[in-house]
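Novice:
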Amino acid sequence: MNPSEIKKLRTESILKELIPEALANLDDGNLKNLCVVDVECKKGRYDAFVYLDKMFFNVHEQEKILSSLKKASRALQNYCMSEQG
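Given below as structure tokens:
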């Protein structure tokens, strides 16, 4: 495993911890209790796929949550960047 792969894995691990904290700090009750299943970084720490557990939500709730996440994406990014340094 080369140093860039190690750095990527470390960033993914940190984001798995930070994203639930960021969600918990939002005022949206639908987002506060979402479960982050996995994080996959694409381009360093500035682009990542975040996988959430959707098991307990119907299609309508999933759409509402996705809409709320899109609106909150900048706040989530800012929180993670400020906490990660």
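So for the sequence shown, my numbering puts the first residue at 190; every next one is plus one.
Glycine included, each C-beta is placed from N, C-alpha and C at the ideal position.
(1) When the distance is taken between beta carbons, is residue 214 closer than 9 Å to residue 250?
(2) Would you decide whether residue 195 is buried or exposed? Buried here means 16 or more other CB atoms lie within 10 Å of its CB.
(3) Which value, in whole angstroms, describes the spacing of the CA atoms of residue 275 and residue 191?
(4) Just checking, does the region 201 to 209 make contact with the region 246 to 261 on the three C-beta pairs under 8 Å criterion?
(5) How would you write the range of the beta strand (DSSP E) that residue 223 sits in, first residue to last?
(6) Going by DSSP, name the residue or residues bridged to residue 237.
Specialist: Here's the rundown:
(1) Your numbering for residue 250 matches position 61 in the sequence shown. Your numbering for residue 214 matches position 25 in the sequence shown. Cβ distance not < 9 Å, so residue 250 and residue 214 don't count as in contact.
(2) To locate residue 195, count along the sequence shown from 1; it is residue 6. Burial call: exposed.
(3) Residue 275 is absent from the model: the chain starts at 190 and stops at 274.
(4) no
(5) Reading the sequence shown from its first residue, position 34 is the one you call residue 223. Note, residue 223: premise wrong, no beta strand (DSSP E); not H, not E.
(6) In the sequence shown, the residue the question calls residue 237 occupies position 48. In DSSP, residue 237 forms a bridge with 230.
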